[in-house]
Amino acid sequence: MTTGARSPRDDGVVHVIEASGLTMQFGSQRALDAVDLQVHSGITGLVGANGAGKTTFMSIALGLRPATAGTIRVLGLDPRTQGHELRAHLGYGPERNQFPDDMRASDYVKHLAEVRGLPRDEARGRASDALWLVGLGEERFRPLGTMSTGQRQRVKLAQAVAAAPSLVLLDEPTDGLDPVQREEMLALIRQISREYGIDVLLSSHLLEEVERICDQVIALDAGRLVANGRLVDLIGADEGVVVELVEVPDRPRAAEAVAARLRARGLHVRDDVGSRLEVIGPDAGLVADAVRDAIADEGARLGRVVRRRRRLEDLFAGASR
Amino acid sequence: MSDARILDRGYRRYEGRRSGVTGAVRSVAWHTARSILGIGRSGRHKVFPIIVLVIAFLPALGFLALTILIGDLLQGELRPDYWEMFGFSFFPTLLFTALVTPEAIVRDRSNGMFPIYLSTPLTRPTYLVAKVIAVLGTMAIIVLGPPLLALIGYTFQNLGPDGLANWVWVLVRLLGAGLVIAGLYTSVSMAAASLTRRRAFASVAVILLLLGLSIATNLLVETADANTNLLLLDPLGLPLGMAPRVFGETGDEYTGVSTLAMASACAGWITGGAVVVAARYRKLAAV
């Protein structure tokens, strides 16, 4: 019997995940570099490009490989020494879309619920409930090999939640889905967290997706922690504008000069697309005034201005400078 | 008015006991054994296990039928020793080892079950324990089933061992010999299957290993007068050669080879296979 994993929703003290100095070295390559982070209840996005360290972090959190240095606790347990106990309270949806094709969806979900420790009758009932939850109630007796990509992604989610986990780790759960299916999947993940009290760690390279449903973010870049915290704290309520300048022959480097003036005033500027600048600040009005003054001072010619909120990708842009 | 109600069960939390590692091993072993035997799968997956089981049990059933029908006329002439029953199931055991057993672990790596299993209370070692239990258990049905059937059948015909003590002693020796045969074949087939993601490749590897070494060593001993101890390198014949030794007899093929050497060689094959599987799975990426 397993006990000991504490749900943060039942205990306000324990973090869902807590890591300190977490380092993972593969030969000469450092996959995670002294990562310190804390994850609270809710939906947490684990974001970063390929090779950022997301998968390594997930495998350490699952207790599948020990970190080279540092400590990590998941649901109050040490994955390295209490891995089997911890994993009884975790759900996991892998990225790869591989299934035993000749197995029925209900048998697949039931079997994995049993492996996660549920009694057979309970597993059977909960498998059915989980498949109804993800919208596959009518399809639950179909072999997995006959299901579409969207349905298979839902089956992965169903098997991850069927054994009533405290935390679910989902690796690219919207991979291969069309826009409508993606919307539905994100709504399901939101429902699982908000209505059923299951914390979610969602690994994704789609920042826009993470922004829409996550309460918190862990942003990794080449193994380093770029940001960790509540989304609202990280991207805040900052607002800004997208400015498009018209290139004129007598002012060849006007965009660079305008960007420099705006940065000098403490604003966040991205100028990686020619004469297009993204300017972010604490208040849209303040940003607009600063843009107007900079353009006037540099004698640049304004093409278009569009209002814009600060986005998650700005964190990465800031970190890479 | 009717008391019938529609209940919306919805999604519920589970606060009950969880079975932990033991339950996970039991569940995976049971699921794998069913899968190997084609239970709960489509018809085409049942065909081969059924054929193997029929071939395995047919000789034992035949001898049993002869004993029941014309046993008095034969007066025990045609009745084989218990350990000889292992020889009758040699061909189905080989088929099962080569064609069915690799399914147990190759399939998990190609259909994504292996990483999911490792996200449960299972670890690599406990996962492999579950697989060994499943393979050994199903193979034991084929290896041990016929001689056990013969023992029970003869007993009911008053042709079994004399007295309870003798009967239990025969049973123990049958189980011991059967477990050596099933254990060695399980180890070899799992080792071959652990090296590839393709079931067909695993089957070919098992056949080449078992038949290839068997043919080579026997040719060397019989035609080139090589030392008979070379037969210890024959993984196919070795466990079958152990069966008469367990019953206190020498058998024909391993004359001149000591029982200790044969037991050590069996242990070596089983350990070697286990080491290959463990080494392979230690390196296998889960996530």
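Chains as they are written, first to last, in our numbering: chain A, 859 to 1179; chain B, 318 to 604. In this text, a Cβ means the ideal position worked out from N, Cα and C, and glycines have one as well.
- Under the criterion of beta carbons closer than 8 Å, residue 484 of chain B and residue 493 of chain B do not qualify as touching, at roughly 15 Å.
- When A/1129, A/1089, A/939 are compared, the shortest CA-CA separation from residue 902 of chain A is found for A/1089.
- Between residue 879 of chain A and residue 913 of chain A, the CB-CB gap reaches or exceeds 9 Å.
- For a cut-off of 8 Å, the C-beta gap from residue 890 of chain A to residue 920 of chain A is around 14 Å, too long to register as a contact.
- Per the DSSP secondary-structure output, residue 1077 of chain A pairs in a beta bridge with A/905, A/1085.
- At least 9 Å separates the beta-carbon of residue 508 of chain B from that of residue 452 of chain B.
- For the options A/1170, A/1014, A/875, the alpha carbon positioned closest to that of residue 1066 of chain A is the one of A/1170.
- Annotation for residue 430 of chain B: 424 place their beta carbon closer than 8 Å to its own, counting only its chain and skipping 5 residues before and after.
- In this structure, residue 911 of chain A sits near residue 1078 of chain A, with a CB-CB distance shorter than 9 Å.
- Its Cα nearest to that of residue 881 of chain A, the residue A/894 stands out among A/894, A/875, A/873.
- With a cutoff of 9 Å on beta-carbon distance, residue 408 of chain B and residue 397 of chain B are scored as not near each other.
- With respect to the 9 Å criterion, residue 957 of chain A and residue 991 of chain A are not classified as neighbours on the basis of their beta carbons.
- Between the alpha carbons of residue 432 of chain B and residue 592 of chain B lies a gap of roughly 21 Å.
- When 8 Å is used as the limit between beta carbons, residue 433 of chain B is near these residues of chain A: 950, 952, 970, 1017, in chain order.
- By the criterion of a C-beta distance shorter than 6 Å, residue 1104 of chain A is surrounded in its chain by 1159, 1161, once the five residues flanking it on both sides are discounted.
- Excluding residues up to 5 positions away in sequence, 399, 402, 491 lie with their Cβ nearer than 6 Å to the Cβ of residue 464 of chain B in the same chain.
- Residue-level contact check: residue 955 of chain A touches chain B, since one or more beta carbons of chain B fall below 9 Å from its beta carbon.
- Leaving aside the five residues that flank residue 972 of chain A on each side, the residues in its chain whose CB is nearer than 7 Å to its CB run, in chain order, 978, 981.
- In this chain, the beta strand (DSSP E) harbouring residue 928 of chain A covers 927 to 932.
- Of the other Cβ atoms in all chains shown, fewer than 16 fall within 10 Å of the Cβ of residue 544 of chain B; this residue is therefore exposed.
- The continuous beta strand (DSSP E) containing residue 950 of chain A extends over residues 948 to 951.
- Contact of residue 1042 of chain A with chain B is not assigned, every C-beta pair being separated by 9 Å or more.
- Identification of chain A residues near residue 466 of chain B by a Cβ-Cβ cut-off of 7 Å yields none; the smallest Cβ-Cβ distance measures about 30 Å.
- Any Cβ of chain A closer than 9 Å to the Cβ of residue 439 of chain B would place that residue at the interface, and such an atom is present.
- Think of a sphere of 7 Å around the beta carbon of residue 430 of chain B: the chain A residues whose beta carbon falls inside it are 958, in chain order.
- Contact residues of the stretch 358 to 373 of chain B toward chain A are 358, 359, 362 (C-beta to C-beta distance below 8 Å).
- With the criterion set as a beta carbon lying under 8 Å from some beta carbon of chain B, the members of the stretch 978 to 990 of chain A are 980, 983, 984, 987, 988, in sequence order.
- Annotation: residue 881 of chain A is outside any alpha helix (DSSP H); the continuous beta strand (DSSP E) that includes it extends over 875 to 884.
- Taking a beta-carbon distance threshold of 9 Å, residue 603 of chain B counts as an interface residue toward chain A.
- For residue 917 of chain A, the nearest beta carbon of chain B is closer than 9 Å to its own beta carbon.
- Contact residues of the stretch 922 to 950 of chain A toward chain B are 922, 923, 941, 942, 943, 944, 945, 946, 947, 948, 949, 950 (C-beta to C-beta distance below 9 Å).
- Rounded to the nearest angstrom, the Cβ distance from residue 597 of chain B to residue 511 of chain B is 4 Å, consistent with a contact under 8 Å.
- Secondary structure of residue 570 of chain B (DSSP, three-state): coil.
- In this structure, residue 932 of chain A lies near residue 1025 of chain A, with their beta-carbon atoms less than 9 Å apart.
- For residue 352 of chain B, the number of other beta carbons within 10 angstroms of its own is at least 16, and it is reported as buried.
- By the neighbour-count criterion, in which a residue is buried when 16 or more other Cβ atoms sit within 10 angstroms of its Cβ, residue 532 of chain B is exposed.
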